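Asker: Sharing a structure with you now.
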Amino acid sequence: MTPVRIKPRIKDDEYAMSGPDGRGDEMSLERREFLKLAGGGLVVFFAAGDGLDAQEGGQRGQGQGYPDDPNAYLKVGTDGRVTGFSGKVELGQGTLTALQMMLAEELDVPLASVDMIMGDTAVCPYDGGTFGSRSIKYFGPALRQAAAEARGILVRLASTKLGAPEDALATKDGAVYVLKSPSKKATYADLIGGKKIEVRLDKKPPIKPIAAHTVTGKPTLRSDGPAKVTGEAKFSGDIRLPGMLYAAVLRPPAHGAKLKSADTSAAEKVPGARVVRDGDLVAVLHAKPDVAAEAVTLIKAEFEPSPSTLDNGNIFPHLKEVTARTDVVIESGNLDEGAKLATKIVEKSYFAQYVAHAPSEPHTAVVRIDGDKAEVWASTQSPFRVQQEIAKLLGLDVPNVRVRAPFVGGGFGGKNAGAQIVEAARLAKIAGKPVQVAWSRKEEFFYDTFRPAATYDIRSGLDAQNRIVLWDYKNYHAGSRSSQPVYDIPHKRVTGYGGGFGGAEGVHPFGTGAWRGPGSNTNIFATESHIDLMAETAGMDPLSFRLANLTDARMKKVVQAAADKFGHTFAKAPSGHGYGIAITDYLGTYLATMAEVAVDKASGHVQVLRVICAQDTGEVINPEGARMQIEGCITMGLGYCLTEEIRFKDGAVLTENYDTYELPRMSWLPKIEVVLVDNPDLAPQGCGEPAITVMGAVVANAVNDAIGVRMDMLPMTAARIKEALAKK
Amino acid sequence: MDKTIRFKLNGKEVAVETSPERMLLWVLRTDLEHTGTKYGCGEGYCGFCTVLVDSKPERSCSLPVSKVEGKSVLTIEGLSKGGRLHPLQQAFVDNGALQCGYCTPGMIMESYALLMRKPNPTEAEIADALEGNICRCGTHKRVIAAVRQASGALKMKVVDHDAR
Ligand code: FES
Ligand code: FES
């Protein structure tokens, strides 16, 4: 199918995703001022109805839900163009396009007349942040509802104007028309005419049934494509403000290493350089970023040694020792009973190393402070959290801080944290000028909030019929997402030790956090590797074994869809073929992935030849976008499978750049096939993360099938595979 | 010591007062406000900063500006003409060969250089030429498809930026 083409209209007056250019617009806008900014569009007030889906962001922060007022989500301009507002951020996941499609669909306006403003705290409804594949799942319904209400009001206004009852009217292409004589119509622009209108609807109109959809569900090209292929798309580092200085910050050699002294005299001699110090924040400011970076290397600094004694080797015993807290995630049946039923017990431990987000755009922020107001442009997944944080830091009122996330060059969970923004704000305050902080790749690898190293102990049992009757799963520090098995197991317990992926005091030598499919990508590696091991113990092929232990019909359908596409017949592993399978339910998205690999026994090198993924995401808004996300997950996922690993020692991060942190390159690319399993009756589920979470397991299982070696640690580097083969 | 460095940028003569040792990337992004070219690693590993110097792809993060004196530099901003996308850019849009878009300028410039050398490359040749260009979002498959489309659909009009 040829994708539909839409053009985003970049509105320079409002920086509609074109990013800001720093011209002297209003610094901060309160709610009512927003209405002014939004111009003479539809301004309506609605009766408060039953709540929309509680906002997921409420968990973090202030328990704020999405507003009930459609004005917060959209504006119909005097020209009939529609502008949507979302506190979500476009990180590359394609939410921008999907939201435009949902708005166009529900409001009945042409897709090409929908603009979107995202991630701007001054004009967008509060949002807890862009993570967890939740933009369409949670924000989508709120936007749809708002659009449905706006359409309802337009119909009411048209009813008076056209002298026809509401139920004799319909909407299409930005106009309300009389069903029986379609030439009698009023455009949305006519109806609003730039006037402020206040209407109340006592009942929320229903949203459109899927069968009536003409925009959503159709493969549609990304609307940000043109801006991104011309270099016009603005990222935070592309913001240029008058008088702006670039900062280069003095960094410690290791986490936990405190600054003892700094001799900045040589740096100060660099023409144009200004050295500033605020406690242990020492930085060089300069009108040229590269000159600042050069100058900071001239600072002679002494640091205390880091107290950390951890490294890649001793981290795993350490993780077992520091189990700060214990959560029983699920418990049913009785483990002793399960053990009694079992004729075979399968026990194994699994391990995962620290992994970096390594977004292509390093963390960047620009801060401008003007009196009691501040403006922030930042590569962040959470502009509203940043707004709170910066207001507090600078002692300003929250509404006086305007945070904008222009295009963000990848986040994957790593841009929930924003230490660079705090640095830029502190430096801007001292300098009295706008300051940009853009981390170098080395800083990015040092200050990233890594996917935590984690370890697992699994003890499971099979009865005489090869049914799984026992599952005792202990997860140390990965976080509990996707740690519950999708199989039918009568006696099971899943326990999480430690403080989740965010870590807890004394656990990790550096920051850790959510990493695309957090918790899940290592939980599924452990779980689905272990299921394969059980299939082997049962003497069954991995596909039949899974199907025999599943009753969920939706899951079975997905597994079957993957198997049909894959076409190969699984045999009991190791078959020598190199076929693998892994399945999961990621927060309601069901998927099954199958892979074929070739392993070079001499070098230990794994080449993934083919990956097919069948995914049931519920209703798919933009099939093109969904495919891109799944393909991206598969391709990105090869890295944490095979090479990505942070090397560290005594608080120092030894991985400093892409030479030692190998990301998947073109030569790695397998043949990728995606099957979108049709399930339009289920509300849209998440799509940005699910397909990456099975990659560790599917490749490990395929490697085992190829060479009869069960890799228990991620990443499965060539060296580790060679070593395992030697031990075989 | 600052020096006046002259070169052609997307067909136009430019002159910059700068230390000749500074890397071209920063001169482009800061002094000349051409922010389409991106920083990713500073050491030649990622390709985000790729530009063409006299039709050859170069990593601008590692190329002192003195090295382009008197030469012709083509950046991502120089490809589209009169508001129309270059067919290679259009192919990236049509194939969805971008997500966050941060690697995209470098990908396109490297592909552009490939198509100049080899107007009809195979998929393997495309992959090979782009091996030094990272994409964290995992657009690899579509990038290869985009370059194939561009090479098939157009007789790569080699834009002679000197003549423009
Ligand atoms: S920034 Fe130049 S190659 Fe990475
Ligand atoms: S599109 Fe994001 S790095 Fe390539």
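If you read the sequences in order, they're chains R and H.
Counting from 2, one number per residue, gives the positions in the first sequence under our numbering.
Counting from 6, one number per residue, gives the positions in the second sequence under our numbering.
Backbone N, C-alpha and C define an ideal beta-carbon position, used for all residues, glycine too.
Quick caveat, the model's predicted, so the values are computed rather than measured.
Using a Cβ cut-off of 8 Å (strictly closer), state whether H:Glu-115 contacts chain R.
Answerer: What you label residue 115 of chain H is simply residue 110 of the second sequence in a count that begins at 1. For H:Glu-115, the answer is no, since every Cβ of chain R falls outside 8 Å of its Cβ.
Asker: Looking at the secondary structure, which residues open and close the alpha helix (DSSP H) in which R:Met-730 lies?
Answerer: A question about residue 730 of chain R goes unanswered here, because the residues of chain R that appear run from 2 up to 729.
Asker: Spell out whether any CB of chain R is found under 8 Å from the CB atom of H:Ile-139.
Answerer: The residue given as residue 139 of chain H occupies position 134 in the second sequence. Yes, contact with chain R.
Asker: By Cβ distance, which residues of its chain are closer than 7 Å to R:Ile-693, with the 5 residues on each side in sequence left out?
Answerer: Locating residue 693 of chain R in the first sequence gives position 692, counting from the first residue. The residues are Arg-517, Gly-518, Asn-522, Cys-634, Met-637 and Gly-638.
Asker: Count the other CB atoms, across all protein chains shown, that sit within 10 Å of the CB of R:Val-399; report buried if there are 16 or more and exposed otherwise.
Answerer: Working through the first sequence from its first residue, we reach residue 399 of chain R at position 398. It is exposed - the Cβ of R:Val-399 has fewer than 16 other Cβ atoms within 10 Å.
Asker: Measure the alpha-carbon distance for R:Pro-21 versus R:Val-367 and round it to whole angstroms.
Answerer: Walking along the first sequence from the start, residue 21 of chain R turns up at place 20. Walking along the first sequence from the start, residue 367 of chain R turns up at place 366. Below a pLDDT of 50, predicted positions are generally treated as unreliable, and R:Pro-21, at 26, falls in that range; no measurement from the model is reported.
Asker: By Cβ distance, which residues of its chain are closer than 6 Å to H:Glu-4, with the 5 residues on each side in sequence left out?
Answerer: Nothing can be reported for residue 4 of chain H, as the shown portion of chain H is limited to 6 through 169.
Asker: Can you tell me the Cβ-Cβ gap for R:Ala-274 and R:Val-285, rounded? I've got them flagged as a contact below 8 Å.
Answerer: Sequence index remark: in the first sequence, residue 274 of chain R carries index 273 (1-based). Sequence index remark: in the first sequence, residue 285 of chain R carries index 284 (1-based). Yes, they are in contact, since the Cβ atoms of R:Ala-274 and R:Val-285 sit about 5 Å apart, within 8 Å.
Asker: Taking Cβ-Cβ distances below 7 Å as the criterion, which residues of the stretch 44 to 64 of chain H are in contact with chain R?
Answerer: Residues passing the 7 Å Cβ filter: Gly-45, Cys-46, Gly-47, Glu-48, Tyr-50, Cys-51 and Phe-53.
Asker: R:Asp-279 by DSSP, collapsed to three states: which one?
Answerer: On the first sequence, position 278 is the one that residue 279 of chain R refers to. Three-state result, R:Asp-279: strand.
Asker: Taking 7 Å as the cut-off, is the C-beta of H:Arg-34 nearer than that to any heavy atom in ligand 1?
Answerer: Here residue 34 of chain H refers to the residue found at position 29 of the second sequence. Not under cutoff, so the answer is no.
Asker: Can you give the beta carbon distance from R:Arg-82 to R:Ser-114, rounded, assuming they're within the 8 Å contact cut?
Answerer: Here residue 82 of chain R corresponds to residue number 81 of the first sequence, with the count starting at 1. Here residue 114 of chain R corresponds to residue number 113 of the first sequence, with the count starting at 1. Yes, R:Arg-82 and R:Ser-114 are in contact; Cβ-Cβ is about 5 Å, under 8 Å.
Asker: How many Å lie between H:Glu-22 and H:Gly-75 at the Cα?
Answerer: For the purposes of this step, residue 22 of chain H is identified with residue 17 of the second sequence, where counting begins at 1. For the purposes of this step, residue 75 of chain H is identified with residue 70 of the second sequence, where counting begins at 1. Spanning the two alpha carbons is a distance of roughly 14 Å.
Asker: Which residues mark the beginning and the end of the alpha helix (DSSP H) in which R:Thr-523 is found?
Answerer: What you label residue 523 of chain R is simply residue 522 of the first sequence in a count that begins at 1. Note, R:Thr-523: alpha helix (DSSP H), 521 to 539.
Asker: Please name the residues in the stretch 607 to 639 of chain R whose beta-carbon is closer than 9 Å to at least one beta-carbon of chain H, in chain order.
Answerer: Those residues of the stretch 607 to 639 of chain R that come within reach of chain H (Cβ to Cβ, closer than 9 Å) are Glu-625, Gly-626, Arg-628, Met-629, Gln-630, Glu-632, Gly-633, Cys-634, Ile-635, Thr-636, Met-637, Gly-638 and Leu-639.
Asker: Kindly provide the ranges of any beta strand (DSSP E) runs that are 3 or more residues long and lie completely inside the stretch 658 to 727 of chain R, ordered along the chain.
Answerer: Entirely contained in the stretch 658 to 727 of chain R, the beta strand (DSSP E) runs reaching 3 residues are, in chain order, 672 to 677.
Asker: Looking at C-alpha atoms only, which residue of R:Cys-688, R:Asn-467, R:His-358 and R:Arg-721 is the closest neighbour of R:Glu-343?
Answerer: The residue given as residue 343 of chain R occupies position 342 in the first sequence. According to the sequence shown, residue 343 of chain R is Ala rather than Glu. Cα-wise, what sits closest to R:Ala-343 is R:Asn-467.
Asker: Secondary structure at R:Gly-497, three-state DSSP: helix, strand or coil?
Answerer: In the first sequence, the residue the question calls residue 497 of chain R occupies position 496. In this structure, R:Gly-497 counts as strand in the three-state DSSP scheme.
Asker: Quick check: the Cα distance between R:Phe-35 and R:Asp-373, rounded to an integer number of angstroms?
Answerer: One-based indexing of the first sequence puts residue 35 of chain R at position 34. One-based indexing of the first sequence puts residue 373 of chain R at position 372. Below a pLDDT of 50, predicted positions are generally treated as unreliable, and R:Phe-35, at 34, falls in that range; no measurement from the model is reported.
Asker: Determine the chain R residues that contact H:Pro-110 at a beta-carbon separation under 7 Å, and present them in chain order.
Answerer: Residue numbering aside, residue 110 of chain H sits at position 105 when the second sequence is read from its first letter. The answer, in chain order, is Gly-232.
Asker: Can you check DSSP and say which residues form a bridge with R:Gly-581?
Answerer: Along the first sequence, one-based indexing puts residue 581 of chain R at 580. Answer by DSSP bridge pairing, in chain order: R:Ala-596.
Asker: Does DSSP put R:Ala-296 in a helix, in a strand, or in coil?
Answerer: Residue mapping note: residue 296 of chain R aligns to position 295 of the first sequence, counting from 1. In the structure shown, R:Ala-296 sits in a helix (DSSP, three-state: H, G or I).
Asker: Can you look up R:Asp-328 in the DSSP assignment and give me helix, strand or coil?
Answerer: As a working note, residue 328 of chain R is residue 327 in the first sequence. DSSP places R:Asp-328 in strand when its eight states are reduced to three.
Asker: Give the residues from the stretch 642 to 665 of chain R that approach chain H closer than 9 Å (Cβ to any Cβ), ordered along the chain.
Answerer: Under the 9 Å Cβ criterion, the stretch 642 to 665 of chain R contributes Asn-658, Tyr-659, Asp-660, Leu-664 and Pro-665.
Asker: Over what stretch of residues does the beta strand (DSSP E) that includes R:Arg-460 continue unbroken?
Answerer: Translated into positions along the first sequence, residue 460 of chain R becomes position 459. Its beta strand (DSSP E) spans residues 455 to 463.
Asker: Beta-carbon separation of R:Thr-590 and R:Val-695 under 8 Å?
Answerer: If you number the first sequence from 1, residue 590 of chain R lands on position 589. If you number the first sequence from 1, residue 695 of chain R lands on position 694. The answer is no: Cβ separation not under 8 Å.
Asker: Once the 5 residues before and after H:Val-58 are set aside, which same chain residues still bring their CB inside 6 Å of it?
Answerer: To locate residue 58 of chain H, count along the second sequence from 1; it is residue 53. Result list for H:Val-58: Val-73, Lys-76 and Val-78, in chain order.
Asker: Quick one: is R:Asp-174 buried, meaning 16 or more other Cβ sit within 10 Å of its Cβ, or exposed?
Answerer: Taking the first residue of the first sequence as 1, we reach residue 174 of chain R at position 173. Result: exposed.
Asker: Quick one: Cα of R:Val-45 to Cα of R:Tyr-488, how far?
Answerer: Residue mapping note: residue 45 of chain R aligns to position 44 of the first sequence, counting from 1. Residue mapping note: residue 488 of chain R aligns to position 487 of the first sequence, counting from 1. Bear in mind that a pLDDT of 30 at R:Val-45, under 50, signals an unreliable position, so the number given afterwards is only what the model happens to contain. If I take the Cα positions, the gap works out to 50 Å.
Asker: What does H:Met-193 reach in chain R if we use C-beta pairs closer than 7 Å?
Answerer: The structure shown has nothing for residue 193 of chain H, since chain H only spans 6 to 169.
Asker: Tell me the DSSP secondary structure of R:Leu-655 in three-state form.
Answerer: Taking the first sequence and counting its residues from 1, the one referred to as residue 655 of chain R is at position 654. Residue state, collapsed to three classes: coil.
Asker: Quick one: does the C-beta of H:Gln-104 sit closer than 7 Å to a heavy atom of ligand 2?
Answerer: Stepping through the second sequence from its first residue, residue 104 of chain H is reached at position 99. Under cutoff, so the answer is yes.
Asker: Answer yes or no: the CB of H:Cys-142 versus the heavy atoms of ligand 1, is any distance below 7 Å?
Answerer: For the purposes of this step, residue 142 of chain H is identified with residue 137 of the second sequence, where counting begins at 1. Outside the cutoff, so no.
Asker: Pairs of beta-carbons, one from the stretch 408 to 422 of chain R and one from the stretch 373 to 382 of chain R, closer than 8 Å: are there three or more?
Answerer: Taking 8 Å as the limit for Cβ pairs, the verdict is that the stretch 373 to 382 of chain R does touch the stretch 408 to 422 of chain R.
Asker: What number of angstroms, rounded off, separates the C-alpha of H:Arg-34 from the C-alpha of R:Gly-130?
Answerer: Start at 1 with the first residue of the second sequence, and residue 34 of chain H comes out as number 29. Start at 1 with the first residue of the first sequence, and residue 130 of chain R comes out as number 129. Between H:Arg-34 and R:Gly-130, the C-alpha separation is close to 30 Å.
Asker: Please report the straight-line C-alpha distance between R:Leu-395 and R:Tyr-74, rounded to a whole angstrom.
Answerer: The residue labelled residue 395 of chain R in the question sits at position 394 within the first sequence. The residue labelled residue 74 of chain R in the question sits at position 73 within the first sequence. Taking the straight line joining both Cα atoms gives about 29 Å.
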